[in-house]
Amino acid sequence: MNSRLDYYSASPKAMKAMIAMEALTRDLSIEPALLNLIRIRASQLNGCAFCTDMHSVDARRFGESDRRLYAIVVWRDSNFFNPRERAALAWTEAVTLLSESHVPDDVYALAREQFSEGELVDLTVAVSTINSWNRLAVSFRQTPSD
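Quick note on the working numbering: the sequence shown kicks off at 26 and runs consecutively.
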């Protein structure tokens with residue numbers, strides 16, 4: 026697959042805003058290991074090979090096990106994830122697939138059991154940010170490097 030354009034050079038102003046949003050996401054209340062899980066899951070759902078690869082590499086660098094990384098796609102059927110991670114993954118899926126689910130009440134209730142109001146807003150911002158990155162990478166055909 027060939028890249029369509031370099032969005033960093035095509036619109037530096039827009040990318041500056043995206044980079045600022047990414048920096049903000051890292052400074053919010055969601056722990057880095059959990060951020061990597063939700064970034065990977067959203068990227069899988071969006072078919073973003075670039076972001077799935079990048080965040081899997083990041084997760085490994087921060088100590089995530091290969092078994093858990095392989096199981097993210099089937100997290101519901103795995104016992105590798107704790108209740109907070111499961112709630113975050115369910116929230117990530119519902120927010121990412123917004124037009125399909127409209128974020129159901131049961132997913133919200135599960136998330137509220139594990140996250141404070143502020144944390145849930147932070148989690149939603151993190152999910153929104155990775156979804157924005159996915160849309161850029163997929164639309165302009167950014168692929169992982171070898």
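Glycine residues also receive a C-beta, built at the ideal position from the N, C-alpha and C atoms.
Collapsed DSSP secondary structure at residue i in the structure displayed
i: N156; result: helix
i: N120; result: The sequence given here places Val at residue 120; Asn does not occur at that position. Here V120 sits in helix by DSSP.
i: V128; result: coil
i: T77; result: helix
i: P108; result: helix
i: S141; result: coil
i: V94; result: Reading off the sequence shown, one finds Leu at residue 94, where the question assumed Val. Helix, per DSSP.
i: D31; result: coil
Span separating the alpha-carbon of residue i from that of residue j
i: W116; j: E125; result: 13 Å
i: D130; j: Y33; result: 38 Å
i: A35; j: K41; result: 12 Å
i: V128; j: L62; result: 19 Å
i: A112; j: A96; result: 15 Å
i: D147; j: F75; result: 24 Å
Min CB distance residue i to chain D below 8 Å
i: R101; result: In summary, chain D is missing from the structure at hand, where a single protein chain is found.
Sufficient close CB pairs (3 or more, under 8 Å) joining the segment 147-157 to the segment 56-70
At 8 Å Cβ cutoff, the stretches touch.
Please confirm if the segment 53-63 is in contact with the segment 86-96, defined as three or more CB-CB distances below 8 Å between the two stretches.
Look at the beta carbons and you see the segment 53-63 touching the segment 86-96: at least three pairs across the two are nearer than 8 Å.
Ranges of the alpha helix (DSSP H) found wholly within the segment 37-74, counting only runs of at least 4
Segments of the alpha helix (DSSP H) lying fully in the segment 37-74: 37-51 and 57-70.
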